[in-house]
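Engineer:
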Amino acid sequence: MNRYGELSTSPLHTYAEPERGKHAVDTAAIRQAPWEWTACRYESDTKGTQRSAPFSESFGLLGTSRHCQVQLADPHAGRAVYLVVIRGSVIEAWPICPLAFSIWGVILPGTKLLVGRSRVRLLVESEGLDSVPSRPGLFDPDANSGPESSSIEKLAEPSSHSDETGHASAGDLAIFVKDRMLVKRFREGVTIVGDDHPSILRIGGCGLKRCDHAILHHMKRLWIIELDLERLDQGEPKIQELSLDCPPIHRGGLVYLRGTPEKLKRYQELLRQRSQTEDSFTTSTTNQADLTGLVRENIDITEIVAEGLVSYSQKRKRVSRILHLALKLMLFAACIATSMAVIAGGIWPIIRTVWQTI
Numbered sequence: 001m002n003r004y005g006e007l008s009t010s011p012l013h014t015y016a017e018p019e020r021g022k023h024a025v026d027t028a029a030i031r032q033a034p035w036e037w038t039a040c041r042y043e044s045d046t047k048g049t050q051r052s053a054p055f056s057e058s059f060g061l062l063g064t065s066r067h068c069q070v071q072l073a074d075p076h077a078g079r080a081v082y083l084v085v086i087r088g089s090v091i092e093a094w095p096i097c098p099l100a101f102s103i104w105g106v107i108l109p110g111t112k113l114l115v116g117r118s119r120v121r122l123l124v125e126s127e128g129l130d131s132v133p134s135r136p137g138l139f140d141p142d143a144n145s146g147p148e149s150s151s152i153e154k155l156a157e158p159s160s161h162s163d164e165t166g167h168a169s170a171g172d173l174a175i176f177v178k179d180r181m182l183v184k185r186f187r188e189g190v191t192i193v194g195d196d197h198p199s200i201l202r203i204g205g206c207g208l209k210r211c212d213h214a215i216l217h218h219m220k221r222l223w224i225i226e227l228d229l230e231r232l233d234q235g236e237p238k239i240q241e242l243s244l245d246c247p248p249i250h251r252g253g254l255v256y257l258r259g260t261p262e263k264l265k266r267y268q269e270l271l272r273q274r275s276q277t278e279d280s281f282t283t284s285t286t287n288q289a290d291l292t293g294l295v296r297e298n299i300d301i302t303e304i305v306a307e308g309l310v311s312y313s314q315k316r317k318r319v320s321r322i323l324h325l326a327l328k329l330m331l332f333a334a335c336i337a338t339s340m341a342v343i344a345g346g347i348w349p350i351i352r353t354v355w356q357t358i
C-alpha cells in the first residue's frame with residue numbers, strides 16, 4: 001500500500017489519506033499522485049513558532065483541522081482557510097472562508113499567505129517554474145477571474161457538450177438539479193463551488209455550504225475535491241475523479257455526471273420518473289393525512305363535548321356558591337338594619353327628652 005493507497009479498480013477513483021510527519025520528499029508518492037506535480041514544501045511562522053515540512057500530496061487544506069496538510073499553530077485560525085493545489089510546478093491557493101488580505105489563484109513560489117497571526121510560504125523544491133500559469137491569478141491582477149454568482153438557472157453555458165466523436169468535451173460537466181440538466185464548462189485549474197463568498201461559482205438554493213467543494217480541471221480531466229470537514233469526518237473521500245464512466249456524484253441538491261449525451265439524457269429521464277413517483281407518493285400521503293385529520297376531528301369533537309359538560313358542571317357549582325354567599329350577605333345586612341332600627345327607636349326618645357330639659 002503506497003501513500004495514496006491502491007488506485008481503485010472501480011470507475012470512481014479515490015485516494016487515501018497520506019501519512020504525516022515525514023520531512024523527506026517522497027518521489028514515489030509524487031509518481032502515484034492523481035496528476036503530475038513538483039515537490040513542494042511549506043514554511044509557517046505563528047508568533048515565532050516556525051514549522052517547515054514537504055507536501056506529501058499534490059493538494060491539501062491549510063488550517064487547524066486534522067484534515068489539513070498544512071497545520072497552523074494559531075488556535076484562533078479557522079479549521080480550514082485555504083485550498084492549495086500543485087499542478088506541475090504551478091501553485092494555486094484559494095481561500096475557502098472569509099479572510100482579510102486574502103490571495104487567490106496562481107501564486108509565485110514564496111508568496112506569503114496571511115492567515116490571522118500566521119504567515120505561510122509555499123516553496124517549490126526545484127528551481128524556477130516549469131510551466132506558464134494556465135489561468136489568471138497574481139500574474140494578471142486585472143484579469144477577469146472574479147467570483148461568479150449564479151442561480152442554478154444561469155449555469156448552462158455551452159449549448160453543446162460533446163465533440164465530434166460524441167463524447168463529452170474537456171472541462172464539460174453535467175449538473176442535475178432534480179430533473180433539470182445543466183452543463184457547465186470549467187476552466188483549467190481550480191473552481192471553488194459553494195453558496196456564498198469566497199466561492200468562485202456560487203449556487204444558491206441547493207443546500208451547499210459556503211465553500212462546499214472544488215472542481216479541478218487539469219489535462220482534460222476533472223476531479224472533485226472535498227472541502228466540507230463534516231463530510232470528511234464521516235469518511236467521504238478527499239478527492240474523486242469525474243471520469244466519463246463514473247457514477248453520479250451527489251453534493252447537496254446537485255448531482256455531477258459526465259458521459260455521452262445519450263447517457264446524460266437517460267439519467268435525466270430516470271430523474272424525471274423518480275420525481276413523478278415522489279410526487280404521486282406525496283399526493284397519496286396528503287390524502288391519507290386528510291383522512292387522518294377527519295378522524296382526529298371526530299375525536300376532538302368528542303373531547304370538546306366532554307370538556308363542555310365538565311365546564312358546565314363547574315359553572316353551576318360556582319353560581320351556586322355565589323348565590324349562597326349573596327343570601328348570607330343579605331341576611332347579615334337585614335340583621336344589622338334591624339338592630340340599628342331597634343337601637344335608634346329606643347335611644348332617640350331619651351335624647352329628645354334630655355334636650356328639651358336643657
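Residue numbers for the sequence shown follow full-length UniProt numbering, so the first one is 1 and each next one is one higher. A virtual CB, placed ideally from N, CA and C, is assigned to each residue, including glycine.
1) Buried or exposed: which applies to residue 357, given that a residue is buried once 16 or more other Cβ atoms fall within 10 Å of its Cβ?
2) Hey, out of 45, 82 and 268, whose CA is closest to residue 229's CA?
3) If residue 218 and residue 87 are in contact, beta carbons under 8 Å, what's the gap, nearest whole angstrom?
4) For residue 354, which beta-bridge partners are listed by DSSP?
5) Determine the extent of the alpha helix (DSSP H) in which residue 233 is found, giving its start and end residues.
6) Go through its chain and collect everything with a Cβ distance to residue 97's Cβ below 8 Å, but skip five positions before and after it.
7) Go ahead and pull the three-state DSSP assignment for residue 261.
8) Kindly list the residues whose CB is nearer than 7 Å to the CB of residue 276, restricted to its own chain and excluding five residues on each side of it in sequence; keep chain order.
9) How big is the Cα-Cα spacing for residue 158 and residue 70?
10) Does the beta-carbon of residue 233 have 16 or more other beta-carbons within 10 angstroms, so that it is buried, or is it exposed?
11) Roughly how many angstroms separate the alpha carbons of residue 245 and residue 259, rounded to a whole number?
12) Using DSSP with H/G/I as helix, E/B as strand and the rest coil, what is residue 21?
13) Determine the closest residue to residue 251 out of 109, 236, 89 and 339, with distance taken between C-alpha atoms.
14) On the DSSP bridge list, what partners appear for residue 59?
Structural biologist: Put simply:
1) An exposed status is given to residue 357, since fewer than 16 other beta-carbon atoms sit within 10 Å of its beta-carbon.
2) Out of 45, 82 and 268, 82 has the C-alpha closest to the C-alpha of residue 229.
3) So it is a contact: roughly 5 Å between Cβ atoms.
4) DSSP output for residue 354 lists no bridge partner at all.
5) Taken as a continuous stretch (DSSP letters only), the alpha helix (DSSP H) holding residue 233 covers 229-233.
6) Hits under 8 Å: 78, 80, 81, 198, 210 and 211.
7) Helix at residue 261.
8) The beta carbon of residue 276 sits closer than 7 Å to none of the beta carbons in its chain outside the five residues before and after it.
9) In this prediction, residue 158 has a pLDDT of 41, which is less than 50 and means its spatial position is unreliable; what the coordinates show is noted afterwards. In this structure, the CA atom of residue 158 is about 37 Å from the CA atom of residue 70.
10) Answer is exposed; the Cβ neighbour count stays below 16.
11) If you take the alpha carbons of residue 245 and residue 259, they lie about 6 Å apart.
12) With a pLDDT of 42 at residue 21, under the threshold of 50, the modelled position of this residue cannot be trusted; read the value that follows with caution. In the structure shown, residue 21 adopts coil according to DSSP, grouped into three states.
13) Residue 251 has its Cα closest to that of 236, out of 109, 236, 89 and 339.
14) When beta bridges are read from the DSSP output, residue 59 appears opposite 85.
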